[in-house]
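2 protein chains.
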Amino acid sequence: MFYKLKRFLIGKPLQSNELHDQKLNNLKALAILSSDALSSVAYGPEQILLVLATISVLAFWYSIPIAIGVLVLLAVLILSYRQIIYAYPSGGGAYMVAKENLGTNYGLIAGGSLLVDYILTVAVSVSAGTDAITSAFPVLHPYTVHIAILLVALITLLNLRGLTESASILAYPVYLFVLALVVVIIVGIYQILTGHAPTTAHTSIGTPVMGISFFLLLKAFSSGCSALTGVEAISNAIPNFKEPAPKNAAFTLTCMGIILAVLFSGIVFLAYWYGIAPSGKETVMSQLSESIFGREFMYYFVQATTALILVLAANTGFSAFPLLAYNLAKDKYMPRAFTARGDRLGYSNGIITLGMASIFLIIIFKGKTESLIPLYAVGVFIPFALSQTGMIFKWIRTKPKGWGWRFLVNLLGALICYLILAIFFVTKFGQVWLSLIFVPVVVLIFHQIHRHYVAVAEQLRIDDSVKVMSIAKKGNLVIIPVSGITTVVEKSLLYAKSISEDAVAVYIGYSHESIEKMKKDWEEWETGVQLITVYSPYRGVIKPLGDFLEAMREKADQSSSSMTVIMPQFVTKKWWHRLLHNQSGLLIIAYLLKVKNVHITIVPYQLKK
Amino acid sequence: MFYKLKRFLIGKPLQSNELHDQKLNNLKALAILSSDALSSVAYGPEQILLVLATISVLAFWYSIPIAIGVLVLLAVLILSYRQIIYAYPSGGGAYMVAKENLGTNYGLIAGGSLLVDYILTVAVSVSAGTDAITSAFPVLHPYTVHIAILLVALITLLNLRGLTESASILAYPVYLFVLALVVVIIVGIYQILTGHAPTTAHTSIGTPVMGISFFLLLKAFSSGCSALTGVEAISNAIPNFKEPAPKNAAFTLTCMGIILAVLFSGIVFLAYWYGIAPSGKETVMSQLSESIFGREFMYYFVQATTALILVLAANTGFSAFPLLAYNLAKDKYMPRAFTARGDRLGYSNGIITLGMASIFLIIIFKGKTESLIPLYAVGVFIPFALSQTGMIFKWIRTKPKGWGWRFLVNLLGALICYLILAIFFVTKFGQVWLSLIFVPVVVLIFHQIHRHYVAVAEQLRIDDSVKVMSIAKKGNLVIIPVSGITTVVEKSLLYAKSISEDAVAVYIGYSHESIEKMKKDWEEWETGVQLITVYSPYRGVIKPLGDFLEAMREKADQSSSSMTVIMPQFVTKKWWHRLLHNQSGLLIIAYLLKVKNVHITIVPYQLKK
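Listed in order, the protein sequences are those of chains A and B.
The first sequence begins at 1 in the UniProt record's numbering and counts up one residue at a time.
The second sequence begins at 1 in the UniProt record's numbering and counts up one residue at a time.
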């Protein structure tokens, strides 16, 4: 039943050697890995204008130089990540780069930030997309949280089906969004050139503005940098590309950078030219496309694809999170379960964990996750900064041919990233202080997990000097708890005789009468196995059995035997039949697991009715 | 931690031979077993007046003849249950009587009705008591459900501590309530005799009333019979009495009957004389004591003890439910767990089940359980009627000396009970139809459980002709699934060698490379145990292992060996460490339990860190 449902939802299982079929070609990879970065065009320009609007409409021209700053940073980041892709072709991104060049702890800081960040990405993007949907259909408004959860569940399912198939579905909306924005930009510029656009809606560049400060411009710049979130996704997912993977990934990254640059600068320029001012009621994107097209087909097309890509941006998290979790788990910093490939060859545990964590966030914040955006941006720039720094150290250490130029690219990138982080913490401390707590906590958890795995590995290492073959066969003292004279006990006794010469039955009685009766019945049965009875005045089983085992241990130690307790276990035909049998057997097994040097043999008794 | 909390809440465990100390003396038994019956005086008279009020205030005088009818029925029921107590001194009440004289199905109908009824008693009484509390302190009103749940939890806890101790606590409020009502009646009659009471507030008995019908009077009579709920409790709890239990129980029952008769007739008479009319805002009891005392101390005393006894009426359910469940479980109609005595010698599973079921009802009905009262009354009169009928058959069958008179008592009782049931179904079908569904369903469940236990008992019965001693020792093929070369595998191999000459290790690999590597490593280890490798293209373990076991079974069957699978199981130091190890071991054990003739031996490996 469960199995059939699973097959229906995620498709038939794939063999391990079908793995290469699941690799992405560049066109699909661009769609699947860029939706997060490209979707930020929908809110990045608005973030800049929001800060400038605190001064005056006259200050809006500053969005042009600020956008140029963001483009420079974008270029530096793209160049830098191209270098990272070639240097670390097995993926892992910021985690790998920081770990190898700066040390484990910096790697874990980068990895921990990113993990939390992907969860935030999913929650924030899906909530934003849902808001767009419920704005279009106000009747759905009371169901915001339900819709958001449904969308996350849907994306989780698509990812469990496997990368290629989900990419096919996800490619269309991403390209439609790009198409929509390209049309907006072309038509907008055409109108400007043909004089159909307003010429007086904007102040000219260089107009002096009262009250503007360098600090404010930096704040606007850092807000605009939220358009750069998602740029790192491709460098984490190199193993998903077709061979030659690094070359394909680098090419895809460059394409994404160019598209992002064109869309971002186009939207910023048109918003400036058309004099769009941010408003609480309508997004800048919406106002801009309304100015250009009016409320016609193209306006709704832009709005629809924007809503769609915001939801799909969540998918970037689903591509990157499981791979990062895999890398951390491989290094024993996360539970080993994250290294297992599921039926459809995706790292299903990572996919499911991400889906559940983001649904949890959506429920807690009741779908209003906007307040998480600054936290999310900080979580992105921490690993950006660390990977740039890591690359700087790498160039200094290895000094390959022509490293000076590469060193400068990363140095510039690192400085800008640290600056943006500093601005975030200074200007938005109230919204980002939480990262000062959760990043150290996550790193601490990584270390705890690592310590446990290392300790276990040490305990599991065999001593080469002892050969199993040479150890003498030991005796085995078998203990059979019995509660009456039944076929189950008979079966247990027969099995005990087949594994040992030395078996003892033990009966725990709640009254002296029941003990006397059992003794008599046992004698009449003539099993050849000795019965020992124990009186339990408090009607418990575990305590008297434990005491009895301790007493038997001495006997076993004298003959250097191992000890085995035989536990019959009913296996019922129907699930509810289980309620009709005391589950004390399971409690006893749970107790015996903790007793030193005792083996537990379960003799299943399959009930026929 | 859990253990300490348990000790604190329910006290230290008692030895089985301390059981006789827990028996009830008559004074305590009267309190603990009568609170349900006596508390019905608080609403019984009101139920009669509510029906009469649908005609006119003039009809109120009919409450006197109706009350006489109720008293006659009460007398018949008390006489009848005295006969039942002597005939069935081991308790069980309606269930036992109906089962023995009418057949199993009638017994189960009576038992099932009563079980459900006790749950309703608890929910209804506690809700009513909570309403009284929140009426007194309106600030608590939003917390009605919380308070009701808390009260049920408290009563459950008192009962888990054991009968005598809870009786000591519960005796005072019951006797205070009786005292309060006796004072009301004495002062009321004194006022009437001394002429301080109004003489014109009532119409004289026999005044003709327009529109009155026989049907309506029957309806009022059946409503008044709700005051008789709880009368059967004593006959179910005979084993809780001190010896001679039947004599003590019969005496206590008679005392309760007299008290109930005095209080009921007194309240009905005074309500008639003072001309009290039922009102939605204030109970009849409240109006009556206000008329007699004014809003002075005695008024509040009556109200407080009424509220208290309503809550404590729930306790009758807690005394009777576990005993009835014990009787049904002993006859294999309910899960065996209900026969186990807990730490304090009460049938804790019954107590806990009742507590949880009534909390469930309170939550579902949000503390407004008044609508359940008719359902509850029907649930009482079904077993009443069946036990009377059972006694009729008993007298006819056994014909003891002087049976004619006894036969007439039960015949009269049975006829009245059937009449009341008929009236209930005719006049209140909308509120009681549910019992037509749940009674058959409960009886069906009883039968299903019985069928399972009987089938199991048959399967467990040993064949006397086969002596365990004489069976030849069999071989044992041991299979050890291994995932690498570790100390855990080493331990498993050593154990395997100690129980059999015939051991095979099996490795399930996800890739051909890992299989080749394992083969090589195993050879170098020199264990003397053969390794068989299985390739699992879909990365599953259960399916390939199952196929392998089937193949091995043929080998085992040829040498008529038993089969044992050795499963190492990590036992972690800290609970969260468990999350760091794949729990596939447990899944495999769960699978192996269902495989025929395979024994599972768990080799616990206690991790040191």
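Glycine residues also receive a C-beta, built at the ideal position from the N, C-alpha and C atoms.
Proximity to residue i [Cα-Cα], best of the options
| i | options | result |
| --- | --- | --- |
| leucine 587(B) | Ile155(B), Leu493(B), Ala551(B), Ile542(B) | Ile542(B) |
| lysine 491(B) | Pro198(A), Gln303(A), Asp463(A) | Asp463(A) |
| glycine 266(B) | Ile192(B), Ser371(B), Val209(B), Trp576(B) | Ile192(B) |
| leucine 150(B) | Ile363(B), His512(B), Phe425(B) | Ile363(B) |
| alanine 148(A) | Pro138(A), Ser319(A), Val124(A) | Val124(A) |
| alanine 53(A) | Trp403(A), Ala277(A), Leu434(A), Gly390(A) | Ala277(A) |
| tyrosine 299(A) | Val183(A), Trp522(A), Ala128(A), Lys28(A) | Val183(A) |
| alanine 42(A) | His141(A), Val311(A), Gly475(A), Gly350(A) | Val311(A) |
| valine 442(B) | Met210(B), Gly111(B), Gly230(B), Ile84(B) | Gly111(B) |
| leucine 154(B) | Ser435(B), Tyr143(B), Ile169(B) | Ile169(B) |
| tyrosine 605(B) | Pro604(A), Gly107(A), Leu592(A), Ser279(A) | Leu592(A) |
Nearest-angstrom beta carbon gap, residue j and residue i [assumed within contact, 8 angstroms]
| i | j | result |
| --- | --- | --- |
| threonine 316(B) | threonine 121(B) | 7 angstroms |
| aspartate 36(A) | alanine 357(A) | About 17 angstroms; that fails the 8 angstroms criterion. |
| tyrosine 538(B) | alanine 320(B) | Actually they are not in contact, since the Cβ atoms of tyrosine 538(B) and alanine 320(B) sit about 57 angstroms apart, beyond 8 angstroms. |
| valine 51(B) | lysine 219(B) | 5 angstroms |
| proline 568(A) | valine 504(A) | Not confirmed; about 16 angstroms, so no contact. |
| leucine 421(A) | alanine 385(A) | 6 angstroms |
| residue 686(A) | leucine 115(A) | Residue coverage of chain A in this structure runs from 1 to 609, which leaves residue 686(A) outside it and unanswerable. |
Within-9 angstroms CB hit, residue i to chain A
| i | result |
| --- | --- |
| leucine 408(B) | no |
| aspartate 331(B) | no |
| histidine 452(B) | yes |
| residue 635(B) | For residue 635(B) there is no data in the structure shown, the boundaries of chain B being 1 and 609. |
| alanine 357(B) | no |
| proline 481(B) | no |
| proline 13(B) | yes |
| residue 646(B) | Outside the modelled stretch of chain B, which goes from 1 to 609, sits residue 646(B), for which no answer is possible. |
| leucine 312(B) | no |
| phenylalanine 570(B) | yes |
| aspartate 547(B) | no |
Short CB-CB distance (under 9 angstroms) between residue i and chain B
| i | result |
| --- | --- |
| lysine 594(A) | yes |
| tryptophan 525(A) | yes |
| glutamine 530(A) | no |
| alanine 455(A) | yes |
| isoleucine 602(A) | yes |
| asparagine 159(A) | no |
| arginine 336(A) | yes |
| arginine 553(A) | no |
| glutamine 606(A) | yes |
| threonine 54(A) | no |
| serine 90(A) | no |
First through last residue of the beta strand (DSSP E) which encompasses residue i
| i | result |
| --- | --- |
| phenylalanine 570(A) | 561–571 |
| leucine 531(A) | 530–535 |
| alanine 505(A) | 502–509 |
First through last residue of the alpha helix (DSSP H) which encompasses residue i
| i | result |
| --- | --- |
| valine 70(A) | 63–87 |
| proline 374(B) | 373–398 |
| proline 45(B) | 44–52 |
| proline 544(B) | 542–558 |
| tyrosine 495(B) | 487–499 |
| threonine 144(B) | 144–161 |
| glycine 585(B) | 584–592 |
| valine 97(B) | 93–102 |
Cβ-heavy atom distance, residue i to the ligand SAH, below 8 angstroms
| i | result |
| --- | --- |
| leucine 263(A) | You won't find the ligand SAH in this model; it holds no ligand whatsoever. |
| said: My parser needs the beta strand (DSSP E) runs of 3 or more residues fully inside the segment 414–479 of chain A; what are they? | reply: none
| said: Which complete alpha helix (DSSP H) runs does the segment 203–272 of chain B hold, if anything under 4 residues is left out? | reply: 214–224, 233–236
| task | Tell me the start and end of each unbroken alpha helix (DSSP H) in the segment 289–352 of chain A that is at least 4 residues and wholly inside, in chain order. | result | 297–330
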